[in-house]
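To convert, note that position 50 of the sequence shown is 80 in our numbering; the numbers rise steadily by one, no gaps. Even glycine gets a Cβ: it sits at the ideal position worked out from N, Cα and C.
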Amino acid sequence: MAQKMKELEMMDVNDVDHVLDIEEVLHLYSRLKSPVYLDIVNKFFMDMYSELFLPQPSTSITNSLQRLGPLKF
Numbered sequence: 031m032a033q034k035m036k037e038l039e040m041m042d043v044n045d046v047d048h049v050l051d052i053e054e055v056l057h058l059y060s061r062l063k064s065p066v067y068l069d070i071v072n073k074f075f076m077d078m079y080s081e082l083f084l085p086q087p088s089t090s091i092t093n094s095l096q097r098l099g100p101l102k103f
């Protein structure tokens with residue numbers, strides 16, 4: 031999780047506000063102790079990270095797959 035946050039920090043090192051925000055999040059994250067809260071925060075940031083950095087299927091492909099339904103072989 032911390033590695034993913036560091037990658038976010040490196041996105042635009044020229045944006046001082048962005049870098050400071052990420053550093054603050056990392057600091058606060060390091061202070062979390064409750065496993066329940068850690069799970070919630072981890073899930074949130076992994077979802078956010080995947081939306082920002084992982085390629086998403088195009089909407090036309092997704093819509094076509096939904097119309098076709100499950101494929102049977």
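Assignment of residue 65 by DSSP, reduced to helix, strand and coil, places it in the helix class. The beta-carbon distance between residue 68 and residue 62, rounded to whole angstroms, is 5 Å. This is short enough to meet the 8 Å contact definition. Put simply, the backbone Cα of residue 49 is about 26 Å away from that of residue 64.
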